[in-house]
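Participant: Take my numbering: the final residue in the sequence shown is number 1054, and no numbers are missing along the way. All C-beta atoms, glycine included, are put in the ideal place defined by N, C-alpha and C.
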Amino acid sequence: MINQMNPTLRAAQLSGIRVITAMAQEIPDCVLLSIGEPDFDTPEIVRQAAKEALDAGLTHYPPTPGVPAFLEAISEFERKKGYDYAPNEIVATIGATEGLSLVFRGILNPGDEVIVPTPYFGMYRQIIELAGGVMVPLDTAGDDFQITREKLLAAISPKTKGILLNSPNNPTGVCYHQETLEMLKEELEKRKIFVVCDDVYDQLVYTPCKSFAQFRELKDRMIVVQSFSKPYAMTGWRLGYVMADAPIAAELSKLHLYTCTCIPSFIQYAGMQALQYDPAEMVETYRRRRDYVCSRIAGMGLELVKPEGAFYCFPSIQKLGMDSETFGMRLLKEAKVAVVPGKFFDGEGFVRISYCYSDEGLEKGMDRMERFLRSL
Ligand code: PLP
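1. Look up Ile772 in the DSSP assignment and say whether it is helix, strand or coil.
2. Less than 7 Å separating the Cβ of Thr742 from some heavy atom of ligand 1?
3. Applying the 10 Å Cβ sphere with the 16-neighbour rule, what's the burial state of Gly918?
4. With hydrogens ignored, establish whether the beta-carbon of Phe989 is closer than 7 Å to any heavy atom of ligand 1.
5. Taking three-plus beta-carbon pairs below 8 Å as touching, is the segment 989-1007 in contact with the segment 836-855?
6. Hey, Ala770 and Phe748 are a contact pair by Cβ (cut 8 Å); roughly how many whole angstroms apart?
7. Kindly list the residues whose CB is nearer than 6 Å to the CB of Leu778, restricted to its own chain and excluding five residues on each side of it in sequence; keep chain order.
8. Do you know offhand how far Ser973's Cα is from Leu711's?
9. Anything with a beta carbon under 6 Å from a heavy atom of ligand 1 counts; list them all in chain order.
10. Which value, in whole angstroms, describes the spacing of the CA atoms of Ile772 and Val874?
11. Between the C-alpha atoms of Lys908 and Asp876, what's the straight-line distance to the nearest angstrom?
12. Is Thr686 buried or exposed, if buried means 16 or more other CB atoms sit within 10 Å of its CB?
13. Under three-state DSSP, which class holds Leu786?
14. Per DSSP, Tyr798 is paired with what?
15. Which ranges does the alpha helix (DSSP H) cover as unbroken runs of at least 4 residues, wholly within the segment 699-777, from first to last along the chain?
16. Can you tell which of Phe799, Glu730 and Ala734 has the C-alpha that lies nearest to the C-alpha of Ala774?
17. Terminal residues of the continuous alpha helix (DSSP H) containing Lys839?
18. Using a Cβ-Cβ cutoff of less than 8 Å, which residues in the same chain neighbour Gln703 once the five nearest sequence positions on both sides are dropped?
19. Considering Cys938, what are the terminal residues of the alpha helix (DSSP H) in which it resides?
20. Give the list of continuous beta strand (DSSP E) stretches no shorter than 3 residues that lie fully inside the segment 950-1033.
21. May I ask you to report which of helix, strand or coil DSSP gives Phe872?
22. Output yes or no for whether 8 Å exceeds the beta carbon distance between Ile723 and Val1018.
23. What whole-angstrom Cβ distance do Cys1034 and Pro716 have, given they're in contact under 8 Å?
24. Inspect the CB distances between the segment 1047-1054 and the segment 958-978 and report whether three or more fall short of 8 Å.
25. By how many angstroms is the C-alpha of Ser693 removed from the C-alpha of Phe782?
26. My parser needs the alpha helix (DSSP H) runs of 4 or more residues fully inside the segment 843-867; what are they?
27. Please work out which residues of its chain come closer than 7 Å, Cβ to Cβ, to Phe718, disregarding the five sequence neighbours upstream and downstream, and give them in chain order.
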């Protein structure tokens, strides 16, 4: 019966990050620098809010788009960033992952194209393809991970339904420059193309980085995807939200209903507390780790575009004369350090190093990587 199943689902690959990490976990004393998950615990006030909500009996079905007070709190929170989303323009989701899935299932007809700048967060391709779409890669590796007008125009076709922007970016940590965003605006406002902003790292920035969502005049075609996972160390809570113009949000809310009905109430109450939490201390820690890892990478003679956000760096290994998978496997087996080959992000010639790990882990990982490079 397996042959009767959806061929797109059957062809979908498992995450390369998880495969590498599972291999690393089998190797004693291996240093993991492969996963993009904060090493902090969820803040105490957030955990407390969930417990109190449970004790208050908030265990019944809430409204589909979200608990009204939660949507109100998100609207207020986003207003401080300069965004004007009313509560009825927000849908609470199971992390950004469900948000992205709703968006693409909601906007795509079979064969519609979505432009995705590469390298990109590995799940995008499968989410788009499972929604019936076609992912059109737009290579940024030769342009310091910025989008050029020439490559954008080459990627646009009559079938283009959307473009997916992720800044700060996973895996590069790079933010789009204001000039890049202005160029995108200039081209995209001439066309009826959805702009999906995956802004899950927008609070984890080390220099001010603006999102495409700043262009409020394009609100009719803009969809912003958000998550509690990264800024509040809440990966396991599975909480996020999507914001869009009211008519679009209403359609996405319907899809959310038929996907999972709603998000648990007590999780939404915890999320409300999280919005009150200032992650500045965590951001400072990541900044310090970023500076440390970048200086070690530079000391090893590898080229790197300095990351300005998220908790990844993406050095080039091109001059080593091996592909990213060979490098990743050799580093794992010979030096016991797990990083993710760029190949898994459509970024051949690079590797992703996550620095959301302890100072000791980073030091040990960098020492081992340096020794490995010297041995080549
Ligand atoms: N988008 C990007 C760019 C990510 O890096 C991740 C997780 O790593 C997600 C979305 C998914 O986040 P969530 O945990 O909210 O589903």
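Facilitator: Here's the rundown:
1. coil
2. no
3. buried
4. no
5. yes
6. 6 Å
7. Ile805 and Val903
8. 16 Å
9. Gly714, Gly773, Ala774, Thr775, Phe799, Asn844, Asn848, Asp876, Val878, Ser905, Ser907, Thr913 and Gly918
10. 17 Å
11. 12 Å
12. exposed
13. coil
14. For Tyr798, which the question treats as bridged, DSSP gives no partner whatsoever.
15. 722-733 and 746-758
16. Phe799
17. Counting along the chain, Lys839 falls outside any alpha helix (DSSP H), though it belongs to the beta strand (DSSP E) covering Thr838 to Asn844.
18. Leu710
19. Ala924 to Cys938
20. 1029-1032
21. strand
22. no
23. 5 Å
24. yes
25. 19 Å
26. 856-866
27. Ala911 and Met960
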